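First residue of the sequence shown? That's 47 in my numbering, and the numbers climb one at a time after it.
Every residue gets a Cβ at the ideal spot worked out from N, C-alpha and C, and that includes glycine.
Treat the numbers as computed from the prediction; the structure is a model and nothing was measured.
What follows is a single structure, written as structure tokens, with notes after it.
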Amino acid sequence: MIAPAIVLSALLLVLSVPVFMVFGIGSSLVASVGLGLPWATLLQVSFGAVTKHVLVAIPLFIFAGLVMLRGGVARRLVDLSITLVGHWPGGLGIAMVLAMGFFAAFCGSILAAISAVGTILMPVMIEKGYSS
């Protein structure tokens, strides 16, 4: 039963079906046909997984990072990091890591830090000769 699920998953990936749907369809097929689990159980487990309150925090962390970016906090943090370590060899890369560490500590999410600090420093780093 696993071989047809793998073939179906590969076919769905070739047809550009989103990866989360490919995983869901493939695992549902194996669980229902291969293991004999009823569809109602699969639906209950799936619904329970996506209704966790913890998942609400992810978009809110990203929102906090964007508010800090638009408010200028990220720019000032980047300027502080560049002032502290920018004169060292490879200082711009070190400043990026330092700014992301502080920013992640402030907003609570490294993903928000990447989206905020990365949009500021990546063009500067590419301009200075860092490879992308």
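The Cβ neighbour count for Met47, taken over all protein chains shown within 10 Å, is under 16; the residue is labelled exposed. Here DSSP, grouped into helix, strand and coil, assigns Ser155 to coil. With fewer than 16 neighbouring CB atoms inside 10 Å of its own CB, Ser177 falls in the exposed class. Of the residues Gly154, Arg122, Cys153, the one whose Cα lies closest to the Cα of Leu167 is Arg122.
DSSP places Trp85 in the uninterrupted alpha helix (DSSP H) bounded by 85-96. When the Cα atoms are used, Val68 and Thr165 turn out to be separated by approximately 31 Å.
Residue burial is scored here from C-beta neighbours: Ile52 has fewer than 16 other C-beta atoms within 10 angstroms and is therefore classed as exposed.
For Val68, the enclosing alpha helix (DSSP H) stretches over residues 65-75. Between Gly132 and Leu126 a beta carbon distance of about 10 Å is seen, past the 8 Å cut, so the two are scored as non-contacting. In its chain, beyond the 5 residues on either side, Leu138 have a beta carbon closer than 8 Å to the beta carbon of Val170.
Counting only the Cα atoms, Lys98 lies some 25 Å from Val76. Under the 10 Å beta carbon count, Leu144 is surrounded by 16 or more other beta carbons and is classified as buried.
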